[in-house]
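The structure under discussion appears below in the form of structure tokens.
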Amino acid sequence: AGDIVTRTGQPHVYLPLTGPFAVDQQVWPPGPLVEVNARTGTWQMLAPRAENSCAVFGTNDLFSAVGWGGGRVDPGGDYAWTLWRPYQCCQR
2 AGDIVTRTGQ PHVYLPLTGP FAVDQQVWPP GPLVEVNART GTWQMLAPRA ENSCAVFGTN
62 DLFSAVGWGG GRVDPGGDYA WTLWRPYQCC QR
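Residue numbers are given in the working numbering: position 81 of the sequence shown equals residue 82, and the series is strictly consecutive.
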């Protein structure tokens with residue numbers, strides 16, 4: 002999902018979240034999301050269990066007792082996440 006909204010030219014149907022460049026632009030959106038790189042974005046689970054913290058996807062936690070599956074699995078397969086992205090603004 003992160004690749005769909007952060008990269009152009011992907012083989013998916015979507016609208017990129019970035020707009021056209023403007024000379025008087027005051028905010029610059031981040032580049033593509035990169036797995037295991039918190040500087041490009043972090044994820045916060047909203048459902049099935051709302052969490053107050055964010056984490057990075059892509060870490061191999063196969064043998065971890067507190068990995069992504071621990072208490073975060075929904076029997077119906079219903080999930081909701083927020084992708085938090087870093088933005089740059091100009092100095093005032």
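Beta carbons are placed, not taken as given, at the ideal position from N, Cα and C, and that holds for glycine. On a predicted model such as this, the values are computed, not experimentally measured, just so you know.
- Excluding its 5 nearest sequence neighbours in each direction, Trp85 has C-beta neighbours in its own chain below 8 Å: Gly42, Thr43, Trp44, Gln45, Cys55, listed in chain order.
- When rounded, the separation of the alpha-carbon atoms in Pro33 and Pro76 is 31 Å.
- Of Gly10, Trp82, Leu63, the smallest CA-CA separation from Ala51 is found for Trp82.
- Bridge pairing for Leu84: Trp44 [DSSP].
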